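What follows is a short report on a single structure.
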Amino acid sequence: MSARFSRLHFASPEATARFAKALAPLLVPGDVLLLDGPIGSGKTHFARALIQARLAFDGAPEEDVPSPTFTLVQAYETGKVGLWHADLYRLTHPDEVEELGLAQAFDDEICLVEWPDRLGALAPDDALTLTFEQGDEPETRNVALEAGPRWADKITAARAHADV
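One point on numbering: in numbering that gives the first Met the number 0, the residue at position 90 of the sequence shown is 89, and numbering is uninterrupted.
This is the structure we're talking about:
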């Protein structure tokens, strides 16, 4: 069962990245973040900041974090956890998601999924959904969070650490 947390307002791309960086060390294998919103709303920026922060937190070498729009999935190994970043924009049917191995990754890895509507019934019930929207100014973003109760402590801690 999902619960909506208060909307977050990020005044800049740096504020968006701060929240992602604050959330990154709190994630464990099996955590799935569904990143929803239109093109250009900040999904990939958020994912990139989170992945780079988690790599650094776990002491892994710094890596370039490209958008997986054409590769569909980019996988990263920190030495402690696996991170999967999927961009499902080009998929047309949930069967294609199964071919990517995402269903198993949802159990074993930390997963960030852009365009989660393409998952259909494969979307995990206990995922954290972040819905990104353009704010009133070009650099601002509003993000609605939906998640079950197990996410409450992580979200509260990340918000406090990021000061959002």
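Idealized CB from N, CA, C, for every residue including glycine.
On a predicted model such as this, the values are computed, not experimentally measured, just so you know.
Below 7 Å CB to CB, which residues in the same chain sit around residue i once its five sequence neighbours on both sides are set aside?
i          : result
lysine 79  : Asp57
serine 66  : Thr43 and Asp86
alanine 23 : Leu49, Ala52, Arg53 and Phe56
Using only the alpha-carbon positions, how far apart do residue i and residue j sit?
i            : j             : result
leucine 121  : arginine 89   : 17 Å
arginine 117 : threonine 128 : 14 Å
serine 11    : glycine 41    : 10 Å
valine 27    : threonine 155 : 16 Å
valine 96    : alanine 14    : 31 Å
alanine 157  : proline 148   : 15 Å
For residue i and chain B, any beta-carbon pair shorter than 8 Å?
i           : result
leucine 129 : Absent from the structure is chain B; it holds one protein chain and no more.
Report the option in the options whose CA atom is closest to the CA atom of residue i.
i           : options                 : result
proline 60  : Trp83, Thr77 and Gly100 : Thr77
leucine 101 : Ala14, Ala74 and Leu25  : Ala74
If I measure Cβ to Cβ from residue i and keep anything under 6 Å in the same chain, skipping five residues before and after, which residues do I get?
i           : result
leucine 169 : Residue 169 is absent from the structure shown; the chain starts at 0 and stops at 163.
Practice prompt. May I ask you to verify whether the segment 151-163 touches the segment 9-28, counting CB pairs closer than 8 Å and requiring at least 3?
Written response: yes
Worksheet item: Does the segment 36-44 come within contact of the segment 130-147, defined as at least 3 CB pairs closer than 8 Å?
Response: yes
Discussion item. With three or more beta-carbon pairs closer than 8 Å as the criterion, would you say the segment 43-62 touches the segment 88-108?
Written reply: no
Discussion item. To test your reading of the DSSP string, which unbroken alpha helix (DSSP H) runs of 4 or more residues are found completely within the segment 20-69?
Written reply: 42-56
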